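First up is the structure itself, then whatever we jot down about it.
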Amino acid sequence: MPMVDKAARWRVLWRGIRVVSVMSLLIAGLVACDDRPWNDPYPRDTATSNTLYSSFGERPKHLDPARSYTVNENTFIAQIYEPPLQYHFLHRPYQLIPLALAEMPRVRFYDAAGEPLPDDAPAAAIARSEYELHVRPGTRYQPHPALARDAEGAPRYLDLEPGALAGIDTLGDFAEHGTRELVAADFAYQIKRLAAPWLHSPINGVMGEHILGFAALGERLEAADPEQARARVALLRDTEFEGVEVLDRYRLRITLEGKYPQFSYWLAMPFFAPMPWEAEAFYAQPGMRERNLMLDWYPVGTGPYMLTENNPNLRMVLERNPNFHGERYPDSGMPGDRAAGILDDAGAPLPFIDRVVYSLEKESIPRWNKFLQGYYDFSGISSDAFDQAVRVDASGRPMLTETLEARGVELMTAVEPTIFFMGFNMLDPVIGGEGQRARLLRRAISIAVDMEEFISIFLNGRGVVAQSPLPPGIFGHRTGEAGINPFVYRWEAGRAVRRSLDEARTLMVQAGYPGGRDRDTGRALTLNYEAVATGPDDRARLNWLRKQFAKLGIELVIRSTDYNRFQDKIRNGTGQIFFWGWNADYPDPENFLFLLYGPNGRVEHQGENSVNYTNPEFDRLFERMRNLEDGPERQALIDRMVEIARTDAPWIWGFHPRAFSLYHRWYHNAYPNQMANNTLKYRRIDPALRAELRRAWNQPVLWPLGAAAAVLLALLLPAWWLVRRRERSRAL
Amino acid sequence: MSAYILRRLLYAIPILIGVNLLTFVLFFVVNSPDDMARMHLGEKRVTAEAVAAWKADHGYDRPMLYNAEAEGLGRLTETIFFDKSVRLFVFDFGSSDDGRDIGRDIAQRMWPSLAIALPVLLVGLAFNISYALFIVFFRATYVDLASVVLLVTMMSISGLFYIIGGQFLLGKLFQLVPISGYDSGLAGLKFLVLPVIVGVIGGIGAGTRWYRTLFLEEIGRDYVRTARAKGLGERLVLFRHVLRNALIPILTGVVVVLPLLFMGSLITESFFAIPGLGSYTIDAISNQDFAIVRSMVFLGAVLYILGLILTDISYTLADPRVRLQ
Numbered sequence: 001m002p003m004v005d006k007a008a009r010w011r012v013l014w015r016g017i018r019v020v021s022v023m024s025l026l027i028a029g030l031v032a033c034d035d036r037p038w039n040d041p042y043p044r045d046t047a048t049s050n051t052l053y054s055s056f057g058e059r060p061k062h063l064d065p066a067r068s069y070t071v072n073e074n075t076f077i078a079q080i081y082e083p084p085l086q087y088h089f090l091h092r093p094y095q096l097i098p099l100a101l102a103e104m105p106r107v108r109f110y111d112a113a114g115e116p117l118p119d120d121a122p123a124a125a126i127a128r129s130e131y132e133l134h135v136r137p138g139t140r141y142q143p144h145p146a147l148a149r150d151a152e153g154a155p156r157y158l159d160l161e162p163g164a165l166a167g168i169d170t171l172g173d174f175a176e177h178g179t180r181e182l183v184a185a186d187f188a189y190q191i192k193r194l195a196a197p198w199l200h201s202p203i204n205g206v207m208g209e210h211i212l213g214f215a216a217l218g219e220r221l222e223a224a225d226p227e228q229a230r231a232r233v234a235l236l237r238d239t240e241f242e243g244v245e246v247l248d249r250y251r252l253r254i255t256l257e258g259k260y261p262q263f264s265y266w267l268a269m270p271f272f273a274p275m276p277w278e279a280e281a282f283y284a285q286p287g288m289r290e291r292n293l294m295l296d297w298y299p300v301g302t303g304p305y306m307l308t309e310n311n312p313n314l315r316m317v318l319e320r321n322p323n324f325h326g327e328r329y330p331d332s333g334m335p336g337d338r339a340a341g342i343l344d345d346a347g348a349p350l351p352f353i354d355r356v357v358y359s360l361e362k363e364s365i366p367r368w369n370k371f372l373q374g375y376y377d378f379s380g381i382s383s384d385a386f387d388q389a390v391r392v393d394a395s396g397r398p399m400l401t402e403t404l405e406a407r408g409v410e411l412m413t414a415v416e417p418t419i420f421f422m423g424f425n426m427l428d429p430v431i432g433g434e435g436q437r438a439r440l441l442r443r444a445i446s447i448a449v450d451m452e453e454f455i456s457i458f459l460n461g462r463g464v465v466a467q468s469p470l471p472p473g474i475f476g477h478r479t480g481e482a483g484i485n486p487f488v489y490r491w492e493a494g495r496a497v498r499r500s501l502d503e504a505r506t507l508m509v510q511a512g513y514p515g516g517r518d519r520d521t522g523r524a525l526t527l528n529y530e531a532v533a534t535g536p537d538d539r540a541r542l543n544w545l546r547k548q549f550a551k552l553g554i555e556l557v558i559r560s561t562d563y564n565r566f567q568d569k570i571r572n573g574t575g576q577i578f579f580w581g582w583n584a585d586y587p588d589p590e591n592f593l594f595l596l597y598g599p600n601g602r603v604e605h606q607g608e609n610s611v612n613y614t615n616p617e618f619d620r621l622f623e624r625m626r627n628l629e630d631g632p633e634r635q636a637l638i639d640r641m642v643e644i645a646r647t648d649a650p651w652i653w654g655f656h657p658r659a660f661s662l663y664h665r666w667y668h669n670a671y672p673n674q675m676a677n678n679t680l681k682y683r684r685i686d687p688a689l690r691a692e693l694r695r696a697w698n699q700p701v702l703w704p705l706g707a708a709a710a711v712l713l714a715l716l717l718p719a720w721w722l723v724r725r726r727e728r729s730r731a732l
Numbered sequence: 001m002s003a004y005i006l007r008r009l010l011y012a013i014p015i016l017i018g019v020n021l022l023t024f025v026l027f028f029v030v031n032s033p034d035d036m037a038r039m040h041l042g043e044k045r046v047t048a049e050a051v052a053a054w055k056a057d058h059g060y061d062r063p064m065l066y067n068a069e070a071e072g073l074g075r076l077t078e079t080i081f082f083d084k085s086v087r088l089f090v091f092d093f094g095s096s097d098d099g100r101d102i103g104r105d106i107a108q109r110m111w112p113s114l115a116i117a118l119p120v121l122l123v124g125l126a127f128n129i130s131y132a133l134f135i136v137f138f139r140a141t142y143v144d145l146a147s148v149v150l151l152v153t154m155m156s157i158s159g160l161f162y163i164i165g166g167q168f169l170l171g172k173l174f175q176l177v178p179i180s181g182y183d184s185g186l187a188g189l190k191f192l193v194l195p196v197i198v199g200v201i202g203g204i205g206a207g208t209r210w211y212r213t214l215f216l217e218e219i220g221r222d223y224v225r226t227a228r229a230k231g232l233g234e235r236l237v238l239f240r241h242v243l244r245n246a247l248i249p250i251l252t253g254v255v256v257v258l259p260l261l262f263m264g265s266l267i268t269e270s271f272f273a274i275p276g277l278g279s280y281t282i283d284a285i286s287n288q289d290f291a292i293v294r295s296m297v298f299l300g301a302v303l304y305i306l307g308l309i310l311t312d313i314s315y316t317l318a319d320p321r322v323r324l325q
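Going down the list, the sequences are from chains A and B.
Each step along the first sequence adds one to the number in the UniProt record's numbering, with nothing skipped, and position 307 is 307.
Each step along the second sequence adds one to the number in the UniProt record's numbering, with nothing skipped, and position 277 is 277.
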């Protein structure tokens with residue numbers, strides 16, 4: 001018996017060895033035949049396709065142009081929807097050009113009697129402004145089931161029977177997709193949607209202040225039955241209002257109350273993109289919402305791309321719109337653009353890329369590593385990865401690290417039209433108000449809080465110290481000596497130098513706080529900083545901030561809270577000092593200076609003036625400035641307003657962030673345009689080069705597999721031997 | 001047994017009401033309906049009228065728990081709590097605050113969670129039990145001591161370390177698997193390798209130690225001594241007797257988590273970009289989407305109760321002496 005057992009055991013062992021050998025040979029054969037990287041996250045057949053790969057970290061909340069207002073949403077919808085205007089890709093200062101329109105809007109002004117006024121009429125004389133929009137004929141919508149028609153020309157899917165949606169999960173499940181021509185009425189329909197109370201458009205309030213009859217339209221629409229989605233569509237279609245008039249198939253007139261030059265910028269935002277009523281009627285049918293088929297998730301546009309896969313939990317895919325009207329790459333730019341190769345594609349038809357895949361990538365580490373492996377075509381730089389990507393040369397100029405340079409990665413930087421500042425609540429009895437004492441205290445603190453150091457430590461140098469509310473690139477921003485804030489800086493040897501702490505301490509003495517003690521009471525000055533602090537990085541930042549105030553003998557108490565309570569404090573005016581920011585809606589100084597306009601005060605008027613600053617002269621100048629065209633008169637007004645704000649110091653001016661972007665060598669036409677979101681159509685890639693480099697960079701390293709197997713074997717064999725020996729050992 | 005199960009199901013109702021109430025209170029202690037409206041309407045240019053309209057549209061313009069202005073039963077029913085809770089008991093989760101159908105999202109997202117969690121559970125179970133039996137075989141030797149040190153060390157390391165380390169080693173350095181991502185069907189297999197390996201390794205420390213303890217407890221019992229006295233080999237004693245008798249606590253641990261496998265893992269799904277229910281929950285919390293949060297907590301509670309009932313039933317299968325009454 002024992003002999004038989006032994007033979008059987010060897011047979012089993014031999015069979016096992018044969019199986020393992022055959023499988024190993026098979027795997028080795030497969031590896032040898034396929035040189036495709038093992039870690040490639042994309043399907044095999046897309047390796048050399050004209051597809052751009054990118055990622056998104058947070059799923060967009062809204063893809064409805066009436067509701068969408070954030071950058072991560074605009075990333076998608078700006079490629080799909082086409083508002084009347086767009087920003088020129090290359091020209092600076094930013095220039096508006098027609099997009100869905102055949103030409104720029106014709107603007108006419110009228111007085112209270114309805115008489116036409118000249119273009120240079122004073123704003124006070126203008127009772128209403130008319131914008132006449134001429135829609136480009138021949139533009140067609142992307143293929144969509146809402147626009148499909150049957151043989152008789154009737155809408156195919158706008159009156160579905162109950163049960164007709166069985167088996168339908170996505171728009172792709174509809175057998176027929178149709179299109180139709182863009183007409184002026186689609187713009188009118190969308191503008192009425194902005195007023196619809198059930199859509200909660202974020203610009204409902206601001207448009208109500210400017211478009212004639214817009215607010216009244218909203219009140220009329222409130223009568224719509226919330227349970228009858230289709231009735232709402234009909235109501236929107238049928239309701240007329242004086243602010244928007246469809247003149248004919250291709251012409252539309254929008255009437256504004258008074259003068260509002262910034263309206264042209266709004267016309268370049270997706271809010272004003274045309275909407276076919278059929279789309280809303282289609283999605284309003286019973287059963288659609290239950291299948292998550294909504295306009296908020298499945299856009300219908302005329303742009304260069306259409307959304308063909310919308311799985312915001314995993315992946316969103318844009319594909320070339322076959323009905324796109326066609327557009328050409330710009331043939332003019334700024335000096336140096338041609339030499340830099342940015343105009344190499346001048347006159348070429350757009351878009352260049354067939355398909356764009358955005359993968360959900362919530363964490364920065366895997367996103368960064370996949371960029372390094374070539375699986376994302378471009379990337380930002382997170383703080384974690386900054387040292388791997390960028391080094392700073394002796395002159396302070398950011399450069400790529402040698403590793404990235406060797407890979408042919410390119411770095412592009414651009415100052416964003418954004419400001420982050422430290423605000424003093426002007427309603428606070430200690431730090432706020434118009435009194436000289438508080439003003440001197442604020443100026444002293446402005447000197448003590450070293451923003452250069454902040455940018456260096458906490459932003460890896462990715463920022464420019466702000467001297468006023470206006471970022472570079474916005475009309476009114478001044479550079480050089482004329483641009484510095486004289487209360488915080490002095491101009492020395494051709495550069496701005498922060499004033500000394502001694503000067504700040506002198507201001508403290510003048511304010512009645514020598515050494516940080518109140519001269520009247522003898523008590524130490526204690527100020528409160530409102531913070532939304534969550535992590536260890538925040539702690540370091542708050543400690544740094546405490547030290548800045550301590551330079552003047554001020555004790556800074558950190559009042560950390562959650563985001564909601566923080567917002568409450570700002571809304572109620574109970575905070576004292578806080579950090580805040582603003583990102584431009586459009587490149588106009590009005591969009592920054594209105595942050596200090598008194599009637600925009602947060603507490604009293606729920607506006608965007610978060611510090612509740614008010615200065616009658618500033619407000620008067622703002623009201624004049626906002627209606628002027630860019631020119632010397634406007635510049636003079638802005639200079640004076642900035643001077644007033646610097647004198648009162650309601651903010652520590654903070655910084656303008658500098659965006660750092662990285663691109664692989666196969667990615668072309670990367671050009672910083674901080675205002676336009678529809679720039680995807682200008683990008684071009686070289687898929688063959690990308691496939692080749694991906695292969696070279698991502699060859700699997702196989703020895704660890706062998707090593708792991710060897711280690712496992714080295715552990716198991718002695719263990720097996722020990723087990724056997726132990727079982728066979730005799731009891732003593 | 002049927003009566004027992006029915007009774008347990010009835011007990012579940014007050015538990016679920018309690019869980020729902022607790023979720024409601026905890027959520028609204030941190031977030032007010034105004035906060036939720038502002039979160040959904042965005043940061044810029046939000047007016048008080050827009051906030052009020054959003055609240056009215058989403059049913060958050062009522063009193064929280066008690067409506068003093070209503071009559072009779074309406075005092076309780078015309079409240080946010082009642083309005084948002086009652087439909088849960090028929091598993092109608094309604095719509096999220098951004099309008100998506102929650103039930104449909106859950107049905108879609110539970111499969112990716114399961115695709116990770118099930119292999120992790122099965123492979124982990126097999127490995128941990130085998131390793132624990134191996135340690136027990138060499139109990140009170142250097143093998144035992146070294147293993148315990150190793151297991152305690154592994155237990156002490158954060159799960160995040162395994163994830164980042166796994167992505168760095170297997171994904172970035174050796175380039176054997178994609179660092180993150182997901183796909184359905186066979187195309188998704190390559191994305192599962194890394195999270196499953198990381199999940200199994202991350203669970204070895206705690207799992208193996210737990211099973212080792214169970215086996216050591218059994219191995220000192222009289223029936224084991226009897227088996228040895230009958231001349232059975234140590235391997236047979238371990239596999240045929242010790243393992244079988246340790247099944248009840250193992251079953252307790254395993255069966256109770258079976259339904260929860262659908263719920264996913266918050267961190268793993270986030271780092272590996274898996275579109276499962278774990279990341280669904282974490283997104284809802286950060287977006288202050290009460291509709292999703294309450295649905296997920298409710299579903300989690302239901303599945304947990306279901307797991308406990310299944311555990312009780314599995315006792316009777318594993319040990320004929322156990323009777324459910």
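Think of the CB as a built atom: it goes at the ideal place given N, C-alpha and C, for glycine as much as any other residue.
Since the structure is predicted, the reported quantities are computational estimates derived from the model, not experimental observations.
* Buried or exposed: residue 498 of chain A, going by 16 or more other Cβ atoms within 10 Å of its Cβ? -> buried
* By how many angstroms is the C-alpha of residue 322 of chain A removed from the C-alpha of residue 442 of chain A? -> 58 Å
* To do: Starting from the C-beta of residue 247 of chain A, find all residues in its chain whose C-beta is less than 8 Å away, skip the five residues before and the five after it, and write them out in chain order.
  => 132, 184 and 253
* C-beta contact flag for residue 655 of chain A and residue 342 of chain A at 9 Å -> no
* Can you tell me which of the three DSSP states residue 179 of chain B falls into? => coil
* **Spatial distance of residue 58 of chain A from residue 206 of chain B (CA atoms)** => 33 Å
* Could you spell out the range, first to last residue, of the alpha helix (DSSP H) harbouring residue 570 of chain A? => 563–572
* At a cut of 8 Å, does the region 468–483 of chain A reach the region 581–596 of chain A through at least three beta carbon pairs? -> yes
* In terms of residue numbering, what span does the beta strand (DSSP E) encompassing residue 392 of chain A cover? -> 390–392
* Should residue 38 of chain A be flagged as near chain B, meaning a C-beta pair shorter than 9 Å? -> yes
* residue 86 of chain A - partner residues in DSSP beta bridges -> A/97
* To do: Answer with yes or no whether the minimum CB distance from residue 176 of chain B to chain A is below 9 Å.
  => yes
* In angstroms with no decimal places, state the Cα-to-Cα distance between residue 302 of chain A and residue 273 of chain A. => 9 Å
* Is residue 279 of chain A near the ligand MN, with its Cβ less than 8 Å from a heavy atom? -> For the structure depicted, the ligand MN is absent and the ligand set is empty, with no information on it obtainable.
* To do: Mind listing, in chain order, the continuous beta strand (DSSP E) runs of no fewer than 3 residues lying wholly within the region 345–432 of chain A?
  => 355–360, 378–380, 390–392, 398–400, 410–415 and 418–424
* Pair within 9 Å by beta-carbon distance, residue 34 of chain B and residue 62 of chain A -> no
* Name the two residues that bound the continuous beta strand (DSSP E) containing residue 254 of chain A. => 251–257
* To do: Closer than 8 Å, Cβ to Cβ, to anything on chain B: give me those residues from the region 278–299 of chain A, in chain order.
  => 289, 290, 291, 292, 294, 296 and 297
* Could you please give me the residues that DSSP links to residue 530 of chain A through a beta bridge? => A/559 and A/578
* To do: Determine the closest residue to residue 666 of chain A out of A/45, A/239, A/41 and A/52, with distance taken between C-alpha atoms.
  => A/52
* **Per-residue contacts from residue 580 of chain A into chain B (C-beta, under 7 Å)** => By Cβ distance, chain B contributes nothing, its closest Cβ being about 10 Å from residue 580 of chain A, past 7 Å.
* To do: Answer with buried or exposed for residue 367 of chain A, where buried requires no fewer than 16 other C-beta atoms within 10 angstroms of its C-beta.
  => buried
* **Unbroken alpha helix (DSSP H) run spanning residue 704 of chain A, endpoints** => 703–728
* Asked: Using a C-beta to C-beta distance shorter than 9 Å, which residues of chain B count as neighbours of residue 302 of chain A?
  -> Here the premise fails: no neighbours, minimum Cβ distance about 24 Å.
* To do: Could you tell me whether the region 182–201 of chain B touches the region 222–231 of chain B, where touching means 3 or more Cβ pairs closer than 8 Å?
  => no
* What are the uninterrupted segments assigned as alpha helix (DSSP H) that are 4 or more residues long and contained completely in the region 186–269 of chain A, given in chain order? -> 204–208, 214–221, 229–238 and 263–266
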